[in-house]
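Okay, structure first, notes after.
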Amino acid sequence: MRTSWTADLPPEPQLGDELPPPSVKTETLAYLAERRSLTAAQMTDEPLPEGDLEALLRLAARVPDHRRVHPFRFITFEGEARAAFGEVLEEAFVGANPDAPEEARALERSRFLRAGVVVCLVSSPDKEHKTPEWEQLLTTGAVGQNLVIAAGAAGYAVQWLTEWYSYDKAVASALGLTKDERIAGFIYIGHPGEAPKERARMEAPALTSSWSRPRPG
Ligand SMILES: Cc1cc2nc3c(=O)[nH]c(=O)nc-3n(C[C@H](O)[C@H](O)[C@H](O)COP(=O)(O)O)c2cc1C
């Protein structure tokens, strides 16, 4: 059993508390410089120690959120719920693919068993709100990446997946999503089965231009 990192977290800040001023956080920067997902196939599914998931979700939810709409929510799958939801996935899959062979059905049943916990991140925008829906979607994306970073920094293997079932009406209905809600993804959190390897990446300079004042005439 790993030693729990949750004991080293500062207490949850309360409204109006003075927070530490910005300072160089070498460990955070070094982690971001090498951060990588591990695929669900590269993780193992032992349960997370008690309190870890709650702490990870608390960290994930600390995002910029214009006018505090909190346009997202989490649905967690732990323990037996992972296998039970596999039956929902199988049923939805067979609904769309009536001739699916047993091998394909078994894959659907076992999807959530790849990780110790699966978190469904739900985009839950308030379409009537003054804050544009686009900004609300961006906030939800930030929550997903915060969760990926926090889980990785806690020593877990983590992967953000949508796969087919994020876009399936029967699955959305089984999850109780409202008409304005959408699945931003399923974040799989498990124990690392192997070390990650660097993947191909676009370097930031190739994606960056520097604006300057147009020359007159
Ligand atoms: C919204 C979203 C959905 C994704 N869905 C999938 C998916 O269904 N299948 C997949 O292989 N990777 C998916 N990915 C990519 C992986 O999460 C992962 O980021 C990538 O494989 C490796 O990138 P990294 O190591 O830089 O995190 C998705 C990423 C995002 C942001």
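Using our numbering, the letters of the sequence shown correspond one by one to residues 6 to 222. Ideal Cβ placement from N, Cα and C applies to all residues, glycine included.
Contacting residues, own chain, Cβ-Cβ under 7 Å from residue i (five flanking each side not counted)
i	result
R218	none
A158	Y36
A65	V148, N151, L152 and A155
E51	G121 and H196
Residue i, DSSP secondary structure in three states
i	result
W139	helix
T49	strand
R78	strand
S171	helix
R119	helix
G84	coil
K184	coil
A89	helix
D22	coil
T213	coil
Contact set for residue i: own chain, Cβ-Cβ below 6 Å, skip 5 residues either direction
i	result
E83	V122
G198	Q47, M48 and T49
Distance between beta carbons of residue j and residue i, contact taken as under 8 Å
i	j	result
L155	L61	Contrary to the premise, residue 155 reads as Ala rather than Leu in this sequence. With 8 Å as the limit, A155 and L61 qualify as a contact, their Cβ atoms being about 5 Å apart.
I194	S171	17 Å between Cβ atoms; not a contact.
L166	F191	5 Å
Beta-ladder partner(s) of residue i, from DSSP
i	result
A162	G195
I154	The partner list for I154 (beta bridge, DSSP) is empty, contrary to what the question assumes.
L126	F79 and G190
8 Å CB neighbourhood of residue i in its chain, flanking five on each side removed
i	result
I80	V124, C125, V127 and L180
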